[in-house]
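>
Protein chains in written order, with the working numbering: chain Z, 10 to 263; chain E, 10 to 263; chain R, 10 to 263; chain B, 10 to 263.
1) Specify the secondary structure class of residue 261 (chain Z) as computed by DSSP and reduced to three states.
2) For residue 26 (chain B), write down the residues that DSSP places opposite it in a beta bridge.
3) Would you please state the rounded distance, in angstroms, between the beta carbons of residue 83 (chain Z) and residue 122 (chain Z)? I believe it to be under 8 Å.
4) Residues bridged to residue 86 (chain Z) by DSSP?
5) Mind checking the segment 24–51 of chain B against chain E and listing, in chain order, the residues whose C-beta falls within less than 7 Å of any C-beta there?
6) Can you list, in chain order, the residues of its chain with a C-beta nearer than 6 Å to that of residue 114 (chain B)? Leave out the 5 residues immediately preceding and following it.
7) In the segment 22–77 of chain Z, which residue ranges form an unbroken alpha helix (DSSP H) of at least 4 residues, counting only runs that do not cross its ends?
8) So which of Z:116, Z:33 and Z:22 has the shortest CA-CA distance to residue 80 (chain R)?
9) Residues of chain R with a CB under 9 Å from the CB of residue 84 (chain E): which are they?
10) Report the start-end ranges of each alpha helix (DSSP H) in the segment 112–155 of chain B that is 4 residues or longer and not cut off at the edges.
11) Does the pairing of the segment 30–39 of chain R with the segment 221–241 of chain E give three or more beta-carbon distances under 8 Å?
12) Give the C-beta separation of residue 52 (chain Z) and residue 98 (chain E) to the nearest angstrom, bearing in mind that I take them to be a contact with Cβ-Cβ under 8 Å.
13) Listing by chain order, which chain Z residues have their CB less than 7 Å from the CB of residue 76 (chain B)?
14) Measure from the C-beta of residue 209 (chain Z) to each C-beta in chain E and report whether the shortest distance is under 8 Å.
15) Grab me the residues of residue 190 (chain Z)'s own chain with a C-beta within less than 8 Å of its C-beta, minus the 5 sequence neighbours each way, in chain order.
16) Suppose you measure from the CA of residue 134 (chain Z) to the CA of residue 93 (chain Z); what does that come to, to the nearest Å?
17) Can you give the beta carbon distance from residue 173 (chain R) to residue 142 (chain R), rounded, assuming they're within the 8 Å contact cut?
18) For a contact defined as C-beta to C-beta under 8 Å, what are the partners of residue 62 (chain E) on chain Z?
19) Closest to residue 111 (chain B) by CA distance: which of R:20, R:111, R:95 and R:27 is it?
20) Where does residue 11 (chain E) land, buried or exposed, given buried means 16+ other C-beta within 10 angstroms?
21) Can you name the residues that DSSP bridges to residue 226 (chain R)?
22) Can you tell me which residues form a DSSP beta bridge with residue 176 (chain E)?
23) Does residue 106 (chain Z) get closer than 8 Å to chain E when you measure Cβ to Cβ?
24) Taking C-beta to C-beta, are residue 16 (chain E) and residue 38 (chain E) nearer than 8 Å?
25) What does the Cβ neighbour count give for residue 50 (chain B), buried or exposed, with the cut at 16 atoms within 10 Å?
26) Closer than 7 Å by C-beta to residue 59 (chain B): which residues in its own chain qualify, once you throw out the five before and the five after it? Chain order, please.
27) Is the beta carbon of residue 169 (chain Z) less than 8 Å from the beta carbon of residue 139 (chain Z)?
28) Would a check of beta-carbon distances place residue 127 (chain Z) closer than 8 Å to chain E?
29) Could you check the C-alpha separation between residue 131 (chain E) and residue 157 (chain E) for me, to the nearest Å?
30) Considering residue 198 (chain B), what are the terminal residues of the alpha helix (DSSP H) in which it resides?
31) Just tell me which of B:91, B:75 and B:27 has its CA closest to the CA of residue 119 (chain B).
32) Mind checking which residues open and close the alpha helix (DSSP H) that includes residue 252 (chain E)?
33) How would you label residue 136 (chain Z), buried or exposed, when you count the other beta carbons within 10 angstroms and need 16 or more for buried?
34) How would you call residue 264 (chain Z), buried or exposed, if buried means at least 16 neighbouring beta carbons within 10 angstroms?
35) Report yes if the C-beta distance between residue 252 (chain B) and residue 210 (chain B) is below 8 Å; otherwise report no.
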């Protein structure tokens, strides 16, 4: 029987600022990517988010980003290999602190925003992240973009002894090459709940997706990334999970 | 035979900014209090400092501070109990990340600057720090000001199951009550190397110090705090250590 | 005929984070207190907010705060007189940059959060703010808490050649001494729109308010502070303004 | 008679951190590029630096940078045009605050580090800076790299109505194309004081420089950038100025 993990970025509030419907979404996912205080999040948000994940039986992954709160970690920054590796150790270590106070450990690492995107295309960034995670513990898996674009990062993670977990995006269009269609392309981001749920189901059951040409292509993924920052996020996530489980897919953490 | 620990604040450089003669001082101390990126330090400085400490056989303690790099953590900030506890977990966790990459663990926690000073006089601050450390690991000792003023903090740490290590300051004058003389008082900060070395020796051998009235009072301390941020710091630290060892005091970490 | 100014904190969003219903509230107020990037706000938010104010004919005041985005400027920080004065010059100068690009000038200064509260009780804070504003331009008025508690700050501003504009809070309870009732007291914060509107009207027309004992006391105020951070903020602000104007009070900037 | 401006980055200290021999260098230069609190500097450093410049009759220019204190503004950050323009308005405005308290105005703008370098090669960055400065006051000149590489930035500044002041680097090697030789090339950075002084003299007197092939090429420059962050900085700057003045070059601000 097929199984799939559902992950979502969590804990991206900061001080008095609220982003994300964390309380509503958490019960329906299996892996939380928790911001570590650099692009978003703060110690009290991290504590609250880890506690909530533990209460809901959700896995606690680190979601490290660039040191750019003003840009929410979505702006590329030119960090050296050493700076990248140390930035990962710092942020993963900080989240691990909160995990340890709840008697659990980091379940995975998923880089955020521009750091994630650049890891897929820039070998220095990929190596910085991979060596950072591996230097802490090679038992911590890294989430990597499914499809052709993620293969380089996947190789580098494996060279560092790390397990790679490919992730796909059911609400994003895929090109015939198996890459995410650029957001500027019409239809690049799906918003129809039933279409997203159907795509999620095909990804989980068949490891395939319908590309922008209408053809069905392979997309190997162990986890699906869902979005938690819209008002309808919880409803959407619940409906995706329900569609998966009704069809016999087991929803569980990797 | 008597023994004493020598601690010094380390890793307080930040980006292109250099503070402290870390390379020169490290070989002569036994415990490093390593800044955690809030009041000072950054991930690359932390990595460098932990590595240097490991190479020199020096213990790696966390030196958490207020989130105030502009004020170097020396300005009081009114954080709530929860904010304090979580700030400790965050910073200790981050440093622990670097320790773990070198196969070691945090040896102790010593709060920095205004956070340290306020912990001695404000029960909320003391509890925030103590619960933060205890929630990570009760095996991590906390450095507390020797003398009357530190007793409250010491009690709170012990209530949280933590070991307390009292520290004295050989370059600071003590009042008859056993408190640090305010810096505004003439002679509050000693600068003569041989006087500082002698005071350090009396503290280590006799657990006593000559107060501002010229009387000898008791001061229970397991560690002595030395300063590493002057040009002559390394010379001074080396001479203190030499004076201690020549007199038969064993200099070793707690 | 009586006139009154209506002020509201604006531009407190930051990067991807949104706070405040600025677009909806702006058309109904006469003075905007615009965050300057320290406790909240960023350059793009400042530009957007100044432009919006100009388009709506609303005055653009500076709303400087402590350098504490994590605490939203609501946590006391122990800054020296020089640090305070320079923090004011920096933040007011930065906002003035955006004003100048729109051909206008800073209309007033209203300190934010803990900085405002401390200015009313701590002479060093009051002097730091007053000298900072005066060093830029003594033609810039400062908003000061109406009632007994604000008298010291008012005196210090006047000693620095600054005009003082007293502000009252129609949604806050007042003690018989003419001070704000502490938020912990039941009924300290009014939420009933018609009660708030009535209190605003009495403040504007009679310079009086009903205190927590039910007596009517004097409260001299030229501006009323309204809140823009709740979902119903715009409706409430519009209804207050409507009540004032229907009763013949002229709503205009000071 | 020939004249030349000597500029130097100033005010790059931050809190307890000291960088640059500002006090020693200031008397010998004619234009100070003063950091604005983003990549370096803080309000108290800015106040101190502006005051010192005024006392020495040195012009006060703004030295804005990326919001990256950890990287000292030397790491590229991918800001949008609007973010760049607003970052310039913010930082120039903040420094202008301190200038206004001393009865003077901003004399020029020189972007810092990665922002400067990217302005020379990326049209969006150049436009963001130029429009930011022009929106404040087209009377503020912008310092632009002399030689081929700066022509695009120069054109964009002029299109925005701004005066361009080309600057050359007497301690840097130039390629035959009139560009700075990459720092990785041997001999790219000159350290011999008399060689630097001679190159400065040829730049000022003849508007020429000896390139890496040993040929003399034209380099149009109205200002020379000197460095103030080494222990010998003041001696070097004084000797350059002395060489220029002895040879009859008038050293004065642009």
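All C-beta atoms, glycine included, are put in the ideal place defined by N, C-alpha and C.
According to the structure data:
1) Looking at residue 261 (chain Z) - three-state DSSP - the assignment turns out to be coil, as it is neither helix nor strand.
2) B:23
3) 4 Å
4) B:86
5) So the close ones are 24, 25, 26, 28 and 51.
6) Within its own chain, the residues whose Cβ lies closer than 6 Å to the Cβ of residue 114 (chain B), once the five positions on either side in sequence are excluded, are 108, listed in chain order.
7) Runs found: 31–34 and 52–65.
8) Z:22
9) 86, 87, 88, 89 and 92
10) 122–130 and 132–145
11) no
12) 7 Å
13) Within 7 Å Cβ-Cβ: 79.
14) no
15) Within the same chain, and ignoring the five residues on either side of residue 190 (chain Z) in sequence, the residues whose Cβ sits closer than 8 Å to its Cβ are 181, 182, 183, 184, 196, 197 and 221.
16) 7 Å
17) Residue 173 (chain R) to residue 142 (chain R), Cβ: 11 Å. No contact.
18) Chain Z residues near residue 62 (chain E): none, gap ~16 Å exceeds 8 Å.
19) R:95
20) exposed
21) R:218
22) E:154 and E:232
23) yes
24) yes
25) buried
26) Counting only residues of its own chain and dropping the five nearest sequence neighbours on each side, residue 59 (chain B) has a CB closer than 7 Å to the CB of 43, 69, 107, 108 and 111.
27) yes
28) no
29) 14 Å
30) Element bounds for residue 198 (chain B): n/a, residue is neither H nor E.
31) B:75
32) In the DSSP assignment, residue 252 (chain E) falls within the alpha helix (DSSP H) that extends over 242–255.
33) buried
34) What the structure shows of chain Z is the stretch from 10 to 263, and residue 264 (chain Z) is not part of that stretch, so it cannot be assessed.
35) yes
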